[in-house]
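*Asks:* The structure's right below; bear with me while I get my questions together.
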Amino acid sequence: MAYKITGQCISCDLCLSVCPTGAIKIVDGNRWIDPELCTNCVGSIHTVPQCKAGCPTCDGCVQQPTDYWEGWFANYNRVLAKLTNKEDYWERWFNCYS
Numbered sequence: 003m004a005y006k007i008t009g010q011c012i013s014c015d016l017c018l019s020v021c022p023t024g025a026i027k028i029v030d031g032n033r034w035i036d037p038e039l040c041t042n043c044v045g046s047i048h049t050v051p052q053c054k055a056g057c058p059t060c061d062g063c064v065q066q067p068t069d070y071w072e073g074w075f076a077n078y079n080r081v082l083a084k085l086t087n088k089e090d091y092w093e094r095w096f097n098c099y100s
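Using the working numbering, you'd call the opening residue of the sequence shown number 3 and step up by one each time.
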């Protein structure tokens, strides 16, 4: 599975309707992506994963790194940017919608 639903999810259920394979499930009120059904929208008419594109929070559905250290450093850099107030609004917007 390349994507996961995070704690930033606001339970708007937009991802349920935009997923072309129906991989997003609700279990006990929590949303999760079924790795057996998720294709990351590869081979479809979509150029970006629809769960990511349709998420209004931009952080509710994020790419899950395959390498542990890659994920660790990405999280570290994100938290460090928040702590030092170096996170630029427009850069975040561009990364979310590009």
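Even for Gly, the Cβ is constructed at its ideal location relative to N, Cα and C. All figures in this text were calculated on a predicted structure; none of them were measured in a lab.
DSSP puts Val64 in a beta bridge; with which residues?
*Replies:* Per DSSP, Lys6.
*Asks:* Cutting at 7 Å between CB atoms, please list the residues of its own chain near Met3, excluding the five before and the five after it.
*Replies:* Since pLDDT at Met3 reaches only 48, below the 50 mark, its modelled position is unreliable, and the value read off the structure follows with that caveat. So the qualifying residues of the chain are Ile35, Pro37, Cys40 and Gln66.
*Asks:* Buried or exposed: which applies to Asn87, given that a residue is buried once 16 or more other Cβ atoms fall within 10 Å of its Cβ?
*Replies:* Asn87 comes out exposed.
*Asks:* Whole-angstrom Cβ separation of Leu16 and Gly56, contact assumed at under 8 Å?
*Replies:* That pair is a contact at about 5 Å.
*Asks:* Would you mind reading off the limits of the alpha helix (DSSP H) that contains Asn32?
*Replies:* Unbroken run through Asn32 is the beta strand (DSSP E), Asn32 to Ile35; no alpha helix (DSSP H).
*Asks:* Would you mind stating whether Pro22 and Cys53 have Cβ atoms separated by less than 8 Å?
*Replies:* Cβ distance not < 8 Å, so Pro22 and Cys53 don't count as in contact.
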